[in-house]
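Report on the following structure.
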Amino acid sequence: MKKKKNSSPLWIFLSGLLAGGVVWFLLFAFVLSDLKTVSNQLDDFSPPLTTRIYDIEGRLLAELFTENREYVELSQVPDLLKKAFIASEDQNFYRHPGIDPGGIIRAALQNLINMDIVEGASTITQQLSRNLFLSHQRTWKRKIQEMFLAFTLEKKYTKNEILEAYLNQIYFGHGAYGVKAAARIYFGKNLEELNLAEIAMLTGVARSPGNFSPYVDLATAQRQQRRVLRRMKEMRFISQEHLEEALSTPIVLSGREKNRSIAPYFVDYLLKELQKSYDEETIFGGGLKIYTTIDLDIQKIANQALEESEYQGAILCIEPQTGYIKAMVGGRDYDESKFNRAVQAYRQPGSTFKPFIYSAALDSGFTPSTILVDEPLIFPNGWKPQNYEKTFNGPITLREALEKSVNIIGIKLLQASGVDKVISYARKMGITSELRRDLSLALGTSEVNLLELTNAYCAFANRGLVPEPIAILRIENFSGEVLYEGQRILRRALSEDTAYIMARLLQGVIERGTAKAARIDRPAGGKTGSTEDFIDAWFVGFTPDLVCGIYLGNDDRTPLGPRKTGGVIAAPLFSKIMKEAHKDIPVHDFYPSPGVREVNVCMRSGKLPSPGCNTVTIPFKAGTEPREWCSGCTGD
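Note that the sequence shown ends on residue 644 in my numbering; no numbers are left out.
This is the structure we're talking about:
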């Protein structure tokens, strides 16, 4: 029997090479093939960042995110927080090449001793690889992929770059991604404000937020906190004294419930504006900083006023010189209804439409002292318009008719000036809704929304100039680069003379007319509005510094109740809001127009007063002042 020859070294080498190739092929085909493009993606990776919305004073108003994250550079992370994560998650982080064989053996022994999985062996680099690119399924394939990616990361990036990415990527539960967002969610603090006790608890939470969150189980969170502190002491990051002090420091959580948004309807309005220029990914993940025109102080006042009124409706405040939207309340309860009544509800404005008619009339040759007869009217189609009180005043000045909101005089002025002319005035002042071309326009039968009506009244407060409403002052990207700046746009809607006269006439509505409940102890004008059967109640008023519009009405258009007019239920809200909003603003009067003359006249006749007349000072365009003297007044 012949003895077999030994295999040659060359054959052994070739066989081994072939076998190795087969193993590598299988490994690549079934485990690593879907990772071939990852190395090219790493350089371009940028995690979603929270977009933050601020008010006009830079106070946080709202946050938009798919992942609640605010990126923080490693240099801004407290040293103790970095050490806590290294002690807890990866003691050899700065020494291993991506995986830690010693850590694997140590974790295996701990798990064997405890007969349970009490410690993992994944390094910080492995965890980052998994969080960025892999699922969290516990399979051999995922584990091998994780190791491969860890080596890739370590080859391409420094340890500090990996740690920075990890601290910004890790999930802490309750919607918080990254250490900066987590500090706010759990403790309501910035990173630099965290104490050692809070740092240790936060680090412990990161290991398993669903189990170790103090909001879920405080006792378990405290056990994790102690574990982190012991690890930190073992690595000589802290002393025994520091450990004991941290353990005795009480943990005060900021509260799991998310703060209710102060201006949710405004944020919805803002989103629609943003969507005209930015995609969803940029809005909700681009880390934008959006500085808005909203004033949180005024917004809170407006919120409270509508809530306490017990009526459904909307409130809107605009700065007349700039168009800045200072407050927007679209309803009493955003959770119940997200329908924004400030911009989406189109309702009949009632007598708040009359100032457009009176403005056109002043430019058509009428004056505040013009006398018209308030009397029954019957039109060929059978229409018989009525005044609110169902009575008639007889001869009456335009000033008094506006103050009393006399419907018949409004109709006569609309006839005299022309429907088309009045509509053109409304358009110039910013009314964009469809307007009926008939005499019922005088009664405010054409539906408008609160935003356009309130903005139109800016003309009376701002010398005839109407601004474009502005919600956004500036938008910056996450690095502070300015992407957009809002531009003020003003257009001439009324002459200065007409605007000033209207401001004074509307001031009379508050001082002597239907809006006495709107008084605020400083110069202010405005107009009440009510619709048939008390379906809608309005008041739009202004000072030289702020215009405030209020609409109240049920969504199903059922009546508000008997005699629930704009003067009764809307005007008091104006007073409440504007008194608070003007607390720190000096008293300003309406700026007089050089083409206007202030004349003391008889309240009843509108003529120059005789002895015994009750008088009022009224503005007239120069040359249109009354020349005749009143006769017949007895002073009653």
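Backbone N, C-alpha and C define an ideal beta-carbon position, used for all residues, glycine too.
DSSP bridge partner residues for residue i (one or two, in chain order)
i, result
"residue 480", "300"
"residue 391", "Paired residue(s): none; residue 391 is not in a bridge."
"residue 547", "536, 558"
"residue 623", "610"
"residue 179", "185"
"residue 294", "57"
"residue 382", "402"
"residue 628", "605"
"residue 62", "68, 299"
"residue 430", "Residue 430 pairs with nothing; no bridge assigned."
"residue 349", "According to DSSP, which records beta bridges pairwise, residue 349 is partnered with nothing at all."
Beta-carbon contacts of residue i that lie in its chain and below 6 Å, excluding the five residues immediately before and after
i, result
"residue 108", "100, 131"
"residue 96", "211, 236, 239"
"residue 168", "82"
"residue 331", "475, 476, 477, 478"
"residue 71", "58, 60"
"residue 155", "107"
"residue 328", "466, 469, 470, 555"
"residue 438", "460, 463, 464, 474"
"residue 632", "375"
Sequence-distant residues of the same chain with beta carbon closer than 7 Å to residue i, five excluded per side
i, result
"residue 220", "212, 213, 228, 229, 232"
"residue 514", "363, 468, 533, 534, 535"
"residue 282", "291"
"residue 307", "270, 271, 335"
Test: residue i CB closer than 9 Å to a CB of chain C
i, result
"residue 74", "Of the protein chains in the structure, only one exists, and it is not chain C."
Element boundaries [beta strand (DSSP E), containing residue i]
i, result
"residue 608", "604-610"
"residue 71", "68-72"
"residue 499", "498-500"
"residue 321", "321-326"
"residue 336", "333-337"
"residue 493", "490-493"
"residue 474", "473-475"
Counted within 10 angstroms of its Cβ, other Cβ atoms place residue i as buried (16 or more) or exposed
i, result
"residue 598", "buried"
"residue 629", "buried"
"residue 344", "exposed"
"residue 387", "exposed"
"residue 391", "exposed"
"residue 497", "exposed"
"residue 471", "buried"
"residue 84", "exposed"
"residue 637", "exposed"
"residue 157", "buried"
"residue 508", "buried"
"residue 163", "exposed"
"residue 411", "buried"
"residue 561", "buried"
"residue 442", "exposed"
"residue 615", "buried"
"residue 90", "buried"
Other residues of its chain near residue i: CB distance less than 8 Å, five sequence neighbours each side excluded
i, result
"residue 248", "241"
"residue 542", "567, 568, 569, 570, 571, 572, 573"
"residue 488", "297"
Start and end residues, alpha helix (DSSP H) containing residue i
i, result
"residue 80", "From DSSP, residue 80 is part of no alpha helix (DSSP H); its letter is neither H nor E."
"residue 425", "415-425"
"residue 375", "Looking at the DSSP string, residue 375 is not in any alpha helix (DSSP H), and its letter there is neither H nor E."
"residue 218", "217-220"
"residue 580", "579-589"
"residue 284", "Taken as a continuous stretch (DSSP letters only), residue 284 belongs to no alpha helix (DSSP H), as it is neither H nor E."
"residue 529", "No alpha helix (DSSP H) contains residue 529, which DSSP labels as neither H nor E."
"residue 249", "248-256"
"residue 519", "504-520"
"residue 240", "226-242"
"residue 462", "458-464"
Inter-stretch contact at 8 Å, needing at least 3 Cβ pairs: the region 276-285 / the region 474-492: These segments touch.
Checklist entry - Does the region 512-525 come within contact of the region 572-580, defined as at least 3 CB pairs closer than 8 Å? => result The region 512-525, when compared against the region 572-580, does touch it at the 8 Å Cβ threshold.
Open item on the list: Tell me whether the region 620-629 and the region 599-612 touch, counting them as touching only if at least three CB pairs, one residue from each stretch, are closer than 8 Å.
Closed with: The region 620-629, when compared against the region 599-612, does touch it at the 8 Å Cβ threshold.
*Are the region 583-593 and the region 366-378 in contact at 8 Å, needing three or more beta carbon pairs?*
Verdict: no, contact absent.
*asked:* Using 8 Å as the cut-off, can you tell me whether the region 318-329 makes contact with the region 405-424, which would need three or more C-beta pairs spanning the two stretches below that distance?
replied: The region 318-329, when compared against the region 405-424, does not touch it at the 8 Å Cβ threshold.
Quick test of the definition: if touching needs 3 or more C-beta pairs under 8 Å, does the region 590-597 touch the region 354-368?
Fewer than three pairs of CB atoms, one per stretch, sit closer than 8 Å, so the region 590-597 makes no contact with the region 354-368.
Does the pairing of the region 181-189 with the region 68-83 give three or more beta-carbon distances under 8 Å?
-> Enough Cβ pairs lie closer than 8 Å, so yes.
*With contact counted as at least three CB pairs below 8 Å, one residue from each stretch, are the region 508-523 and the region 439-451 in contact?*
With contact defined as three or more Cβ pairs closer than 8 Å, the region 508-523 and the region 439-451 are not in contact.
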